Amino acid sequence: MSQPSKKRLRDIGVTIGQLPTGPLNAITDVAGVWVGHETVIADHPNLVRSGVTMIVPREGQIWSDFAYCGTAILNGNGEMTGIPWMDESGMLGTPIGLTNTHQVGMVRDTLVRHLAAHDLERSFFLPVVAETDDSHLNDSDSFPLTEVHAATALAKAGPGPVAEGNVGGGTGMICHEFKGGIGTSSRVVEISGEVITVGVLVQANYGIREDLRIDGFPVGRHLGFDVIPSAWDGEDQRESDGSIIVVIATDAPLLADQCRRLARRATVGLARAGGYGHDSSGDIFVAFATGNHLPVGEKIHTVRTLHHDQMTPLMRATADATEESILNALCAAETMTGFGGRTAYELPLPRVESLLSEWFDPPR
């Protein structure tokens, strides 16, 4: 079980949308979805600000009971392994790993070893591992993470509150020129008398300062570099935007094409927070649904499916939870100095609260 984060968006009085959240306001509100982080911060022998996050559906039994899934890409300058088979089959059969750009292969190989060790009847696995680039704060060329770190993140996966900000795969990430990282949120909807949960987890490593919006307010324009320096201070990367990975989970009885529809709605939440999907950005989204069971040993599956005209509440839930997950990552992240002496500063929450108060409740 992960530990709760220090600060969240709702702690500063901001609510995104009108749908209720689950009890934890986290992806783990979806029954059976576990999260584990392994965070690595060290100064010797190499400067490390990195880690691994694992999202594990079905209480760790996803490799024997698949889930329908779908993917979407806003801009494809990034990596998520397993996409061709997910798009072909519409099924997810492994945990989902998140890490830095240079160590996707190591995390993937760790998952293969783990799955092979626990399933003697199968020898073919295509794990899903996604990345964003933490090399501004992390000496990623030293390849500091090991299979032990990836296996530890997997072993730590469990239910309950999810730590946010500078943790796991998000340890060295930057968002809207502030310190970024991991964020999560959830929404609950009722469709035809059935209560359905949608949960989102993001690894946020994108964005330009002036584009940042909170509940529609252009807060980034009011947080000048004279007040809070940019994480890219004095460097050219500022216009490159960066990347974000969005993982969407739901217990709704969806088919693969419906999961793809949900995955595309992450774009709405990203845009509302200030993401544009620039040329060098890797904006990759995956959605999976646990409302149907697809046991590996069965040759015919009997499934339920939500009618397409009932999808709108889930689409809204996905957009809202994505937006809030990004903002939760920003709220929880703390100032970090890393590789090359570079510093990514935390979002100044007292100043943000003051700006939002003036915006939404101006003096009369």
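Numbered per the working numbering, the sequence shown spans residues 1 to 364. We put the CB at the ideal spot given by N, CA and C, even for glycine. Small disclaimer: the values here were computed from a predicted structure and weren't measured.
Where DSSP assigns a beta bridge to His37, which residues make up the other side? In DSSP, His37 forms a bridge with Thr53.
For the putative contact between Met311 and Arg264, defined by C-beta atoms under 8 Å, what is the C-beta separation to the nearest angstrom? Not confirmed; about 11 Å, so no contact.
Compute the distance between the beta-carbons of Gly93 and Ala333, then report whether it is under 8 Å. At the C-beta level, Gly93 and Ala333 stay beyond 8 Å of one another.
3-residue-minimum beta strand (DSSP E) runs that sit fully inside the stretch 42-127, ordered along the chain: Counting only runs of 3 or more, we get 48-56, 65-76, 96-100.
Is the number of C-beta pairs between the stretch 53-72 and the stretch 156-168 that are closer than 8 Å three or more? By the Cβ test, the stretch 53-72 is in contact with the stretch 156-168, since at least three Cβ pairs between them sit closer than 8 Å.
Would you tell me roughly how many angstroms separate the C-alpha atoms of Ile196 and Thr28, rounded to the nearest one? Straight-line spacing of the CA atoms in Ile196 and Thr28 works out to 13 Å.
Cross-strand partners of Ile284 (DSSP beta bridge): Residue pairing by DSSP places Ile284 opposite Ile73, Ile245 in a beta bridge.
Candidates Val33, Glu88, Asp241, Leu201: closest to His176 by CA position: Out of Val33, Glu88, Asp241, Leu201, Asp241 has the C-alpha closest to the C-alpha of His176.
Counting C-beta neighbours from all protein chains within 10 Å, is the total for Gly274 16 or more, i.e. buried, or is it exposed? The residue in question, Gly274, is buried, as its Cβ has 16 or more Cβ neighbours within 10 Å.
Please go through the stretch 127-165 and give each complete alpha helix (DSSP H) segment of 4 or more residues, from N-terminal end onward. As far as the stretch 127-165 is concerned, its whole alpha helix (DSSP H) runs of at least 4 residues are 147-156.
Cβ-Cβ distance between Val202 and Ala329 below 8 Å: Against a cut-off of 8 Å, the Cβ pair of Ala329 and Val202 comes out as a contact.
Any idea if Glu148 is buried or exposed, counting beta-carbon neighbours within 10 angstroms, 16 or more meaning buried? Looking at the sequence itself, residue 148 is Val, so the reference to Glu does not match. It counts as exposed.
Taking the alpha carbon of Ile174 as the reference point, which residue from Leu98, Val189, Ile208, Pro161 has its own alpha carbon closest? Looking at the Cα atoms, Ile208 is the closest of the given residues.
Cβ-Cβ separation, Ala289 to Thr250 (assumed contact under 8 Å), whole Å: By a beta-carbon distance limit of 8 Å, Thr250 contacts Ala289. Their separation comes to about 5 Å.
Between Arg304 and chain D, is the shortest Cβ-Cβ distance under 8 Å, so that the two count as touching? Absent from the structure is chain D; it holds one protein chain and no more.
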